[in-house]
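Each residue of the sequence shown is one higher than the one before, starting from 63 at the first, in the numbering used here.
Read the structure below first, then the notes.
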Amino acid sequence: MIPKLAAAAAALALAHLAVAVPCVQFDTSWNLYAFGGSSDVNLGQNTTWSSPSAQTLTSTGRPPWTGNQTQCLLSQYNNAMYVFGADASDVSTIYIYDFGAGSWTTQTTSSAPSALGNSRSSIVLDHDTNTVYTIPGAGQPMYTLDMSTLTTAASSSALAWSEVENPSFDDSSYTVTAAQAANHILFFGVPSTPAGEADIFVVHYSYFQPNAQTFNATSGSNFPDTSGQAFSIPDAANDVPYQIVFVPDDFSGSYVVTHWTDLSNYATTSDAPMALSLVNSTQTLPAPTSQDAQAAYAASDTALVQIDADGNIYYMLSAVNADYTVASSPSWTKMSYQLSGGSVSSSSIASASASTSGSASTTISGSSATASGASATASGASKSGSATVSASGSASASASSTSGDRMAARADVLGFALALVGVAAAALF
Numbered sequence: 063m064i065p066k067l068a069a070a071a072a073a074l075a076l077a078h079l080a081v082a083v084p085c086v087q088f089d090t091s092w093n094l095y096a097f098g099g100s101s102d103v104n105l106g107q108n109t110t111w112s113s114p115s116a117q118t119l120t121s122t123g124r125p126p127w128t129g130n131q132t133q134c135l136l137s138q139y140n141n142a143m144y145v146f147g148a149d150a151s152d153v154s155t156i157y158i159y160d161f162g163a164g165s166w167t168t169q170t171t172s173s174a175p176s177a178l179g180n181s182r183s184s185i186v187l188d189h190d191t192n193t194v195y196t197i198p199g200a201g202q203p204m205y206t207l208d209m210s211t212l213t214t215a216a217s218s219s220a221l222a223w224s225e226v227e228n229p230s231f232d233d234s235s236y237t238v239t240a241a242q243a244a245n246h247i248l249f250f251g252v253p254s255t256p257a258g259e260a261d262i263f264v265v266h267y268s269y270f271q272p273n274a275q276t277f278n279a280t281s282g283s284n285f286p287d288t289s290g291q292a293f294s295i296p297d298a299a300n301d302v303p304y305q306i307v308f309v310p311d312d313f314s315g316s317y318v319v320t321h322w323t324d325l326s327n328y329a330t331t332s333d334a335p336m337a338l339s340l341v342n343s344t345q346t347l348p349a350p351t352s353q354d355a356q357a358a359y360a361a362s363d364t365a366l367v368q369i370d371a372d373g374n375i376y377y378m379l380s381a382v383n384a385d386y387t388v389a390s391s392p393s394w395t396k397m398s399y400q401l402s403g404g405s406v407s408s409s410s411i412a413s414a415s416a417s418t419s420g421s422a423s424t425t426i427s428g429s430s431a432t433a434s435g436a437s438a439t440a441s442g443a444s445k446s447g448s449a450t451v452s453a454s455g456s457a458s459a460s461a462s463s464t465s466g467d468r469m470a471a472r473a474d475v476l477g478f479a480l481a482l483v484g485v486a487a488a489a490l491f
């Protein structure tokens, strides 16, 4: 009885990490948006970021922002954003934001994988076909979702996911890190792939290349063989992107990977839009200031932006030049605006359930915990966060933060879990 309660408390101590995360994205006029706080905002173009004036967006139809692997993808042709994984209780639903109209719609899907990614870089939207590709997790095949019938709003009919094929590489322990360049999807950090190499899925022919592609470092060291976050740098003329920024989890740098091929003849290089020395190359920019593996990223045609899990926003202006070279001495700048509020995901916390019964009570450092065979509750004394545990056959927890301090919400849940451990320990002696 009591050991089960202790196990539930230990599970809750781990589940406190399941904090929902914000994201950033640009519209096609290169206005920056931040999503997932107590409200979503338009932060304007980069000329205003030194003193931003946030414009609040509509809350009608917005996602609950409870996912912890949320991805916000720009459909550049349509000036729209497709949001995946924003509802932890329903990963199959896609939220569509129309930048032009400033409105949300919700797209249903069918035959979706049980999970949509084990990272924040596992889903890629093909620029030309408006089709989504993803390896949803370790040991999974490639899935695709044709969204070509959509533009800026959802359709009344569900869109069907379909399985493509297994990767050409072993993904049994892979944290998926993918982005698009030149109609190819590049996979970084594939286990046993050498540093400076990436595996490739060819979108227009729908197959995995049998061998990884080598990218030569133009200076310094090349990108490591680790997982991380990857995102495309959109083309100013709305062509397919040719560059990806890869930020590995070791934060050794921000690696700008340039990839180009002539789709009609892979042996031809005469019409490359960049210097031949940059084709299949890696250039290095400074690592982000906030070394948060759960951060989200976006790019305009010249600027890079990061938002970390606490809503802090960092940006690098003029990071990439028109000739595809990187700036010589750029730096990350912290924006004075911070996205506040947000949610704590309840799905992972609720999954940490255990059978329990019995009664005991204790008070620890201003947070109280009681268990009487019916319920146990705890609340932080000074932060807006709460946790509830039902002891009638199962234990579950939920937490929310409305103060803008996600770490406080984490601490409340963790503190409550530790209180339950104290309850269990006291009852054993």
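The C-beta atom is built at its ideal place from N, Cα and C for all residues, glycine as well.
With contacts defined by Cβ atoms closer than 9 Å, ASN192 and TYR139 form a contacting pair. Secondary structure in the segment 276-322: no alpha helix (DSSP H) run of 4 residues or longer lies completely within the stretch.
Under DSSP, the beta-bridge partners assigned to VAL382 are VAL388. Linking VAL309 to PRO126 through their CA atoms gives a straight-line distance of about 27 Å. Considering only ASP372, TRP92, LEU187 and THR167, the residue with the shortest C-alpha distance to SER294 is LEU187. Between PHE285 and PHE250 the beta-carbon gap is near 7 Å, inside 8 Å, which marks them as a contact.
Where ILE158 is concerned, the enclosing beta strand (DSSP E) starts and stops at 156-160. With a 10 Å radius around the Cβ and a threshold of 16 neighbouring Cβ atoms, GLY164 comes out exposed. Rounded to the nearest angstrom, the gap between the Cα atoms of GLN169 and SER176 is 17 Å.
When secondary structure is reduced to three states using DSSP, THR237 falls in the coil class, being assigned neither helix nor strand. Taking every protein chain shown into account, the CB of TYR195 has 16 or more other CB atoms within 10 angstroms, so this residue is buried. The beta carbon of PRO253 lies closer than 7 Å to those of ASP232, SER235 and TYR236 in the same chain, with the five residues before and after it left out. Residue pairing from DSSP places THR206 in a beta bridge opposite TYR195 and SER224. One thing to note: SER316 has its Cβ within 9 Å of the Cβ of THR346.
ASN108 sits in a helix when the DSSP states are folded into three classes.
Secondary structure of LEU136 (DSSP, three-state): strand.
Using a Cβ-Cβ distance cut-off of 8 Å, the segment 374-381 and the segment 334-344 are not in contact, since fewer than three pairs of beta carbons, one from each stretch, lie closer than that value. Boundaries of the beta strand (DSSP E) harbouring ALA360: 358-361, taken from the DSSP string.
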